[in-house]
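See structure below.
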Amino acid sequence: MSQRTYPGARVRFETDAAPPSTGYRSQALAAGGVLFTGGQIGAPYQRGAELRALAPTFEGQVDAALEHLAAVTWAAGAPLERVIELSAFTTVPEGERVVRERTKAFLGFEPALLNHVAVADCAMHGDVELDWAVALPGSDTAAATDALRPFMHGPPGEVIASGPFLVLNGAAASGADMEAQSEALVDGVLRALAPHGAGLQDVTKLTVYIQAFDIYPAFNDVTIRRFASIIPPTRSVIVAPEVTGDALVRVDVLATAPVTP
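So for the sequence shown, the working numbering puts the first residue at 18; every next one is plus one.
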């Protein structure tokens with residue numbers, strides 16, 4: 018596991034034990050001593066099959082999403098007892114409470130960090146999307162937890178250096194349509210990371226808020242073009258007009274800070 022805990026290493030993990038990525042993203046990515054997973058929704062899944070239907074209850078959707086996250090985590094060789102952060106996006110009242118309860122029942126504990134956002138819609142028109150972060154063996158759990166605290170928090174548009182990571186919350190851009198805004202958004206992220214010696218190849222995790230799912234393909238097409246030659250980040254994509262505001266898309270970005278020789 019030493020190569021996975023080295024701050025400069027980025028290792029991608031994919032498995033058919035969990036639903037495959039539908040957008041241009043990694044199922045899981047290890048960087049800076051932490052394993053980050055892409056978002057998972059609450060549709061029961063059998064290895065190699067298609068997601069056909071959501072679990073009929075919100076509790077069932079949460080449980081299914083947790084099972085998917087566990088499958089990806091095990092495939093990466095990481096232990097569940099080192100889950101340190103959970104990002105939860107829910108559409109129902111009491112969503113945060115239920116996620117906390119079901120996560121504690123599933124893991125046997127509540128992760129040190131739990132970021133919850135009430136959203137308008139999730140993939141397949143589900144009621145929940147979850148992703149989490151796991152401190153890899155050999156890394157300091159407390160230090161990794163502290164390094165992740167600024168993600169999804171803090172002033173928008175400002176890069177925060179935190180441990181082995183760079184955090185850029187609330188990035189958005191102007192443009193006539195989703196494609197134009199997405200291109201401008203990627204360019205803006207590049208400009209923000211450049212003074213820190215980082216680029217797209219260092220982007221590890223994206224939380225993507227969009228105004229509606231019908232414009233999402235344009236964002237995905239842009240990321241395919243811009244990340245084509247590098248390991249794509251993990252990401253969760255949710256519909257949240259309250260978050261996007263006047264923009265069509267807004268993202269929280271976590272990148273791995275380049276290692277100084």
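Each residue gets a CB set at the ideal place from its N, CA and C atoms; glycine is no exception. Given the structure is predicted, the values throughout are model-derived calculations rather than measurements.
Excluding its 5 nearest sequence neighbours in each direction, Ser191 has C-beta neighbours in its own chain below 7 Å: Gln198 and Ala201, listed in chain order.
By the neighbour-count criterion, in which a residue is buried when 16 or more other Cβ atoms sit within 10 angstroms of its Cβ, Ser43 is buried. Under the three-state reduction of DSSP, Thr221 is assigned to strand. For Asp269, the three-state secondary structure derived from DSSP is strand. Judged by DSSP secondary structure, His85 falls within the alpha helix (DSSP H) whose first and last residues are Phe75 to Ala92.
Residues of the same chain with a CB within less than 6 Å of the CB of His133, apart from the 5 flanking positions on each side, are Ala105 and Glu113 in chain order. Beyond the five residues adjoining it in sequence on each side, Ala87 comes within less than 7 Å, by CB distance, of Leu97 in the same chain, given in chain order. The C-beta separation of Met141 from Ala66 comes to about 14 Å, leaving the pair out of contact by the 8 Å criterion. The Cβ-Cβ distance between Leu217 and Trp149 does not fall below 7 Å.
According to DSSP, Arg29 shares a beta bridge with Leu46. When DSSP reads this structure, Val256 sits in a beta bridge with Asp138 and Ile227. The beta carbons of Thr107 and Asp144 sit about 6 Å from each other, so the pair counts as a contact at 8 Å. Under the DSSP assignment, Ala164 falls in the alpha helix (DSSP H) whose first and last residues are Thr158 to Leu165. Linking Pro249 to Ala159 through their CA atoms gives a straight-line distance of about 27 Å.
Within the model, the alpha-carbon separation for Ala274 versus Arg99 is close to 22 Å.
Boundaries of the beta strand (DSSP E) around Asp148: Val145 to Ala152.
Classified as exposed, Ser246 has fewer than 16 neighbouring CB atoms from the shown chains inside 10 Å of its CB. For Ala209, the uninterrupted alpha helix (DSSP H) segment begins and ends at Met195 to Leu210. Burial check for His85: the Cβ neighbour count within 10 Å reaches 16 or more, so the residue is buried. According to the DSSP secondary-structure assignment, Ile177 is paired through a beta bridge with Val184.
Nearest C-alpha to Gly180 among Leu165, Val260, Cys139 and Pro258: Leu165.
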